[in-house]
Every structure is written in C-alpha cells, then in structure tokens.
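Position one of the sequence shown corresponds to residue 535 (the numbering used here), numbered consecutively onward.
Think of the CB as a built atom: it goes at the ideal place given N, C-alpha and C, for glycine as much as any other residue.
Owing to the predicted nature of the structure, the values given are computational and were not obtained by experimental measurement.
The structure appears below as structure tokens.
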Amino acid sequence: MELGAVNYVAIAVLALLGLYVMSLIYNNFRAAGVTDRGIQAEIAYLRERVDRIKAAREFDKQKNELSWNGVRKFRVERKNPENKDICSFYLRPHDERPLPPFEPGQYLTFKLNLPSGKKVTTRCYSLSDSPRSEYYRVSIKRNPPPKDPAKADVGKSSSNYFHDLVNEGDILDVQAPNGDFFLDMHRQTPVVLIGGGIGITPVLSMLNAIVESGSKRETWFFLGVRNSVEHVFREHLERLDRENENVHVRIVYSKPDDNDEQGKDYHLEGRVGADLFREVLPSNNYDYYFCGPPPMMESLFHGLREWDVPESRIHFEAFGPATVKSKKTADTEDGAAAPVSGSGFKLKFTRSEKELVWDGSADTILEFAEANDIDMDSGCRAGACGTCITAVLAGEVNYATEPSADVDKGSCLTCISVPKTDMELDA
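Written as structure tokens, this is what we have:
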C-alpha cells in the first residue's frame with residue numbers, strides 16, 4: 535500500500551475513533567448530569583486533534599510534491615534594507631512553480647560564485663518569514679570590516695556579496711529548505727523565542743508562523759540588541775504584540791543610546807538570559823528556541839539548565855563557529871565538554887598533497903586547512919548542513935559539539951572537529 539493511502543486510512547480510522555469517543559463522552563456526561571458546555575468543549579478538542587492530523591498530512595504531501603533536489607534558480611524580486619547592516623532578500627522561483635512549505639526555523643543553502651573565489655562557495659542563511667507558496671525571504675547581516683585591514687576578505691565574504699553585488703532581478707542558485715532547528719507547528723505547548731542581533735531570523739520565522747496559522751499557543755518573544763540602531767523589524771513586532779493576545783514581545787537593549795526611551799523604544803535594559811526570564815516569565819515551563827552570537831548562546835544554554843529547564847526543552851541554532859556545548863556532554867556527571875585536541879598530530883591532505891603538523895592554534899580542522907591554503911567545501915560552519923563532510927582515510931577526530939548533519943562512518947565534519955590522532959584526509 536502506498537504511503538498516501540496509508541495516511542488516508544489512518545485519518546479515517548482516527549476520525550471514526552474520535553466520533554466513537556465523542557459518543558462515549560456524551561453518554562457518560564449525560565449520565566453524570568454534566569452541562570452541554572462541557573460536552574461541546576470535549577467535542578471541539580477532539581475535532582481540533584483530527585484537524586491537526588489532517589494539516590500535518592497536507593504539509594508532508596506538499597513538501598514531498600513541491601521540493602527539489604540539487605539547486606533551483608531563484609530571482610531576487612525585492613531587496614529591502616532593514617537597518618544599516620541588515621538587508622532582506624525576497625526570492626521568487628524563476629520557474630514560477632509553487633514553493634514547498636518549510637518548518638519555521640530552517641535555512642536555505644546558496645551556491646555562490648564570489649568575485650575572488652576560486653570555486654563555488656556554499657553558504658546557509660535562515661529563512662526569516664513564515665512559509666509562503668510564492669516566495670522565500672532571507673535577512674542577511676553585512677560582515678563588519680576587520681580591525682586589521684590586512685585581513686580584509688574583499689570579494690570573499692558571502693554576506694557582503696549579497697549586500698554589495700546582488701541586486702533585484704539577479705538569479706541565484708538555491709537548495710531546498712533544510713535544518714533540524716525548527717518549531718513543531720502541530721503542538722500547542724507554550725514557547726519562548728529568543729533572538730540576538732541577526733539571530734532574530736529563524737525565531738522571527740517561528741513567530742510569524744504561529745500568528746499566521748491562527749495558533750493561540752502562549753508565545754514570548756525576546757529580541758536582544760545593543761540599542762535602537764540595531765533594532766530590526768520594529769513596526770512588525772509591535773503590531774504582532776498589539777494584535778495577538780497570546781503573543782508577548784519584549785525588546786531588550788544592552789547599551790541604550792541617550793535618545794533611546796524605555797517603554798517606547800525598548801522594554802528592558804540588560805542582557806537576555808535566565809536571570810531576566812526569572813523576573814518576566816510566569817514560570818520556567820516553556821520550550822525555549824534561541825539563536826544569536828556565541829557568548830549569548832553559551833550563556834543562555836547554561837543559564838536555562840541552572841534554572842532547571844529540562845534539556846529536551848532547550849533548542850538552539852548556531853551558524854558560524856559552534857560554541858554551545860552539546861547536550862549529551864553537558865549531562866555528564868561533571869558537566870565536562872567533549873575532549874579537545876592536543877598538538878603535534880600529523881595531518882595529511884592527500885588531494886592537496888600537503889602534510890602539516892597540527893599546532894592547536896585553529897578551532898577546527900576546516901580553519902586549519904584554510905589557514906594553510908587548502909580548499910575545502912563549507913557552509914554553515916556549525917555541523918548542520920553537511921557541506922564540509924570529508925572522508926577520513928586514517929585517524930580519528932573529536933567533535934566540539936554534537937553534529938546535526940548525518941555523518942557516514944569513515945567521514946567527519948571538518949567545521950566542528952579537531953584531530954584526536956594523526957590523520958589522513960581526502961582533501
């Protein structure tokens with residue numbers, strides 16, 4: 535029997551079971567003298583359960599039918615600056631076919647031909663809006679100039695490439711939405727969504743999806759920025775907060791400017807963290823989703839754990855060097871992180887015909903290779919997209935964080951790993 539037929543049968547069985555349960559509830563309530571209001575409430579709850587199952591099935595159906603393998607051509611329909619450093623790009627499929635839905639919080643993977651690049655560069659950017667069939671939106675922050683001008687990566691920064699060289703009407707190569715960091719829209723449990731700076735993008739996608747789906751789940755949304763200069767999507771967030779009783783938006787400035795007014799521009803002063811949540815939230819009984827700069831991510835993770843939030847309710851996304859300790863290692867008796875690499879290991883890169891000695895100065899094998907002019911594919915640099923997967927011909931690695939992407943036996947993700955022994959890599 536095909537999968538679609540199985541789903542139809544499952545829904546039919548559940549619907550019949552629901553009606554049967556409704557009749558039992560009705561008869562039991564009548565016998566107990568319970569009011570009609572209680573009966574209707576139970577019936578409404580069961581109908582809602584059936585509707586959720588149907589919605590989940592329809593989501594899977596559209597995703598399977600409309601998704602694509604490899605790259606698909608997208609046209610930049612609109613380029614909208616959000617502030618001086620962040621710009622949103624509205625991407626419409628060049629073939630004009632409907633887009634598959636995605637899980638709010640997921641990202642797009644771009645294949646870019648940067649001006650000074652020797653090969654196609656892979657980069658991942660979070661979707662910043664709720665799923666739509668006509669277009670996708672990503673919001674990208676410009677890379678700041680380095681303190682040392684000699685280290686400027688002119689022509690190599692994908693973020694600056696988008697800001698400076700990608701224009702409305704341009705065509706980009708894009709892979710289908712992906713990622714394991716997303717909000718389960720079929721649940722109604724209360725959530726806390728937290729964004730730091732450009733880390734707002736995946737959690738804003740979640741917030742928009744909650745509101746546009748009509749969900750009434752209790753939702754707290756925290757945005758942490760330095761001041762009004764960095765405050766993005768201000769009017770949009772104010773409107774969602776004003777128009778939805780279940781949504782509670784809190785803007786937190788860490789260093790307000792003299793002209794920033796508390797109560798008008800922002801709600802709270804300080805840093806987003808568990809200490810602030812203790813003062814603002816009714817309890818710790820929420821699912822927490824967050825994305826932001828590495829120090830913020832690390833502080834949030836450990837702060838929530840110290841506040842007795844179960845690890846199963848802590849969800850985070852990290853693009854760039856991953857610094858949040860994996861949940862598995864955080865749950866060991868002494869809370870120690872995964873073992874780090876020593877130094878003196880010999881690393882042989884067979885295709886590049888280079889043999890080097892690991893000195894421990896780099897955070898990952900990928901960074902070590904790049905510092906020694908060895909070309910290696912990379913994307914998210916956080917162990918999520920799988921772009922950097924490399925065959926290990928000999929030796930072993932340690933992971934700084936638990937990989938999100940699937941890793942075949944005999945391979946490693948170079949963006950989050952360090953050598954454990956002498957190694958030979960197919961790179």
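Where residue i and residue j are concerned, what is the direct C-alpha to C-alpha distance, given to the nearest angstrom?
i, j, result
"L741", "E958", "45 Å"
"E940", "N932", "Here the sequence assigns Asp to residue 940, which means Glu is not the residue at that position. Roughly 16 Å between the two C-alpha positions."
"L774", "I785", "13 Å"
"T884", "C946", "15 Å"
"C670", "E702", "Here the sequence assigns Tyr to residue 670, which means Cys is not the residue at that position. Distance between the alpha carbons of Y670 and E702: 14 Å."
"S895", "R626", "43 Å"
"H770", "G920", "34 Å"
"A870", "V726", "With a pLDDT of 40 at A870, under the threshold of 50, the modelled position of that residue is not reliable, and no figure is offered here."
"I950", "E777", "42 Å"
"G804", "L738", "21 Å"
"T656", "D907", "17 Å"
"N793", "M830", "25 Å"
"V806", "K880", "42 Å"
"S693", "Y659", "9 Å"
"N819", "M910", "43 Å"
"E845", "R839", "7 Å"
"Y787", "Y800", "7 Å"
"I674", "A903", "26 Å"
"E813", "S833", "17 Å"
"L646", "Y695", "9 Å"
"H849", "N617", "28 Å"
"L757", "N780", "17 Å"
"K750", "E795", "31 Å"
If you count every other CB in all the chains shown that lies within 10 Å of the CB of residue i, and 16 or more means buried, which is it?
i, result
"D868", "Note that D868 scores a pLDDT of 40, beneath 50, so its modelled location is shaky; the value from the coordinates is reported in the next line. That one is exposed."
"Q709", "buried"
"Q574", "exposed"
"T866", "Annotation note: pLDDT 41 at T866 (below 50); position unreliable, coordinate value reported separately. Classification of T866: exposed, given that the 10 Å Cβ count is below 16."
"T935", "buried"
"P816", "exposed"
"H628", "exposed"
"R915", "buried"
"P873", "Residue placement at P873 is poorly supported in this model, since its pLDDT is 44, which falls under 50; the coordinates are not used for a value here."
"D704", "exposed"
"A905", "exposed"
"S877", "exposed"
"A925", "exposed"
"P632", "exposed"
"E851", "buried"
"D663", "buried"
"L699", "exposed"
"S650", "exposed"
Assign residue i to one of three DSSP states: helix, strand, or coil.
i, result
"N742", "helix"
"Y820", "coil"
"M719", "coil"
"T655", "strand"
"P873", "Because the pLDDT at P873 is just 44, under 50, the model does not fix this residue reliably, and the value given afterwards should be weighed accordingly. P873: coil per DSSP, three-state reduction."
"E958", "strand"
"C949", "helix"
"V843", "coil"
"K618", "coil"
"K595", "helix"
"I899", "helix"
"R966", "As shown, the chain starts at 535 and ends at 961. That puts residue 966 outside it, with no answer to give."
"P828", "helix"
"A590", "helix"
"V941", "coil"
I'd like to know whether the C-beta atoms of residue i and residue j end up nearer to each other than 8 Å.
i, j, result
"E637", "F755", "no"
"R666", "H697", "no"
"P736", "C825", "yes"
"L706", "F767", "no"
"H720", "T753", "no"
"D809", "R847", "no"
"P635", "K588", "no"
"G639", "A918", "no"
"V759", "G731", "yes"
"V843", "T898", "no"
"L642", "V672", "yes"
"L927", "D960", "yes"
"I744", "Y823", "no"
"L648", "P711", "no"
"K789", "N761", "yes"
"T948", "L900", "yes"
Since residue i sits in a beta bridge, which residues does DSSP pair it with?
i, result
"F636", "Beta-bridge pairing links F636 to no other residue."
"R612", "Y624"
"F850", "F824"
"A934", "A934 is not bridged to any residue."
"V786", "G758 and L802"
Is there at least one non-hydrogen atom of the ligand PLP closer than 7 Å to the beta-carbon of residue i?
i, result
"V781", "With respect to the ligand PLP, the structure offers nothing, as it holds no ligand at all."
I'd like to know if residue i contacts chain C, where contact means its C-beta is closer than 8 Å to some C-beta of that chain.
i, result
"V737", "The displayed structure is made up of one protein chain only, and chain C is not part of it."
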